[in-house]
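Single-structure report; data block below.
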Amino acid sequence: PAGAPTVLLYAHHDVQPPGTEQGWTTPAFEPAERAGRLYGRGAADDKAGVAVHVGALRAVLAQWGPDDGVGVTVFVEGEEEVGSPTFAAFLREHRALLAADVVVVADSDNWDVDTPSLTTSLRGLVDATVVVRTLDHPVHSGLYGGPVLDATTALVRLLDRLRDETGGLAVPGLRAGPAPEVPFGEERLRADAGVLDGVQLLGDGTVAQRLWTGPALTVVGVDVPPLERASNTLQGTATAHLSLRVPPGQQPEEALAALREHLLATAPWGARVEVAMDGGGQPFQARVDGPVHDLAVESLARAWDGAAPVHAGIGGSIPFIADLVDALPGAVVLVTGVEDPDTRAHGHDESLHLRVLERATLAEALLLAGLRDAVPTPAG
-2 PAGAPTVLLY
8 AHHDVQPPGT
18 EQGWTTPAFE
28 PAERAGRLYG
38 RGAADDKAGV
48 AVHVGALRAV
58 LAQWGPDDGV
68 GVTVFVEGEE
78 EVGSPTFAAF
88 LREHRALLAA
98 DVVVVADSDN
108 WDVDTPSLTT
118 SLRGLVDATV
128 VVRTLDHPVH
138 SGLYGGPVLD
148 ATTALVRLLD
158 RLRDETGGLA
168 VPGLRAGPAP
178 EVPFGEERLR
188 ADAGVLDGVQ
198 LLGDGTVAQR
208 LWTGPALTVV
218 GVDVPPLERA
228 SNTLQGTATA
238 HLSLRVPPGQ
248 QPEEALAALR
258 EHLLATAPWG
268 ARVEVAMDGG
278 GQPFQARVDG
288 PVHDLAVESL
298 ARAWDGAAPV
308 HAGIGGSIPF
318 IADLVDALPG
328 AVVLVTGVED
338 PDTRAHGHDE
348 SLHLRVLERA
358 TLAEALLLAG
368 LRDAVPTPAG
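Under the working numbering, the first residue of the sequence shown carries the number -2, and numbering increases by one thereafter.
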């Protein structure tokens, strides 16, 4: 309606590959309900986000009709799981069509089944490839092993130098933000992540800080000969793919520069090291004040039978949110979702708790119903 506030509802319908069939109790693409949970690839991430938007709109239309005083745009994309490569360009091209006062991104999680969350921070992302070279061609390990350095050994030593004795990152220039004031016990983290007994947690500081406002580095892949094709050979080249999570307050380019400088400075035994950035995304820090935020908190609490939402960070990255902020600088961005600690998004037996789906849908309907009064100056 003319002069009414506008909300942009975002979700994505694409999903991650299912992985091996053996890891699934039931087939990944055949929905199955067990003990109040719906199992299947994409059940939570993020086809449920689409269902929440549709359900909330149906509820609002049934209760108030089409003239409730709020304009709605629904945006469902199919490239999120591959980094939303065309998202920023689409936003720029259709900025006027997508203009909104409030953006609701239904692609996150909740503290637990009985406690909702508002996601207030996300780490950014740097994907990097590290190539180590020591020889111009592979050579016989018996003839040359001993004095001649192979690239695999050099890569292992190089990666080891990324961490200190506590397991924390030893890369100068990578910064951490302040510790969030959210109680997050180590036992919960160990249980949620499935950490084996006796395996230590890495780094120091609070769990929330290490997960949400500190940097994190993961070796997600190593390119060396696989066991079935390995021979008694000194390899001349070895490659690793690194995923660096960047907390709010630092730019991905700055973090990459710090990582590259450290890798080059710590190259072992004269090995040649090359570092290339494959992709990345900006971190996100949400506002936690104002009438729209207060309405979201109230709506979530009402839907969850009075349980106040936790203002939680997420260690992962949703790069397109930075694109939304750039394209719609005046909009309030709310990041909600239907996941919970047992969801296993991207993993085997991904699932959605159906009671959480109901509550998330109700919360969004309450939010839509109250936006007319919460947005004093609609976008125009």
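Even for Gly, the Cβ is constructed at its ideal location relative to N, Cα and C.
Simplified DSSP assignment, three categories, for residue i
i	result
R269	strand
H134	coil
R34	strand
I315	coil
H308	strand
H91	coil
L171	coil
T17	coil
R226	helix
F84	helix
V153	helix
D111	coil
Q60	helix
D302	coil
V294	helix
L325	coil
V79	helix
E178	coil
G52	helix
V289	helix
P24	coil
R187	helix
D320	helix
R284	coil
Cβ separation of residue i and residue j, assumed to be a contact under 8 angstroms, to the nearest whole Å
i	j	result
D43	H9	5 angstroms
V67	L365	6 angstroms
V372	V289	7 angstroms
E90	F84	Not really, about 11 angstroms apart at Cβ, beyond 8 angstroms.
V99	Y7	The Cβ separation is near 11 angstroms, so there is no contact.
G200	G165	3 angstroms
V123	G312	With 8 angstroms as the limit, V123 and G312 do not qualify as a contact, their Cβ atoms being about 14 angstroms apart.
L231	P338	Not confirmed; about 45 angstroms, so no contact.
H259	V168	5 angstroms
T210	G174	4 angstroms
A300	A360	4 angstroms
L351	R34	7 angstroms
A93	L5	Contact flag wrong, Cβ pair sits at about 13 angstroms.
V329	R284	7 angstroms
A41	E347	6 angstroms
C-alpha gap between residue i and residue j, whole angstroms
i	j	result
T163	R120	22 angstroms
P2	T70	11 angstroms
S118	L193	28 angstroms
R341	T17	15 angstroms
G310	V127	29 angstroms
Q247	P280	8 angstroms
G267	L261	10 angstroms
D147	R154	11 angstroms
V49	Y36	17 angstroms
T215	R160	11 angstroms
G334	A273	34 angstroms
A151	Y141	16 angstroms
V307	E225	48 angstroms
E183	V204	6 angstroms
P222	A86	39 angstroms
P14	R38	8 angstroms
D320	S228	47 angstroms
L292	F181	26 angstroms
P245	Q282	6 angstroms
T131	D220	15 angstroms
A59	P212	46 angstroms
D106	G46	11 angstroms
L88	H137	55 angstroms
D275	L171	19 angstroms
D11	P28	16 angstroms
A235	D104	36 angstroms
For residue i: DSSP bridge partner residues
i	result
Y7	F72, V102
G195	Per DSSP, none; premise fails for G195.
L384	There is simply no residue 384 to check, as the chain begins at -2 and stops at 377 in what is shown.
R242	L122, A213
D147	Beta-bridge pairing links D147 to no other residue.
T203	Answer by DSSP bridge pairing: none, since T203 is not bridged.
G278	L122
T236	V128, D220
G142	V145
T116	A309, V332
A29	Y36
L231	V136
What beta strand (DSSP E) runs, 3 residues minimum, are completely inside the stretch 332 to 372? 348 to 350
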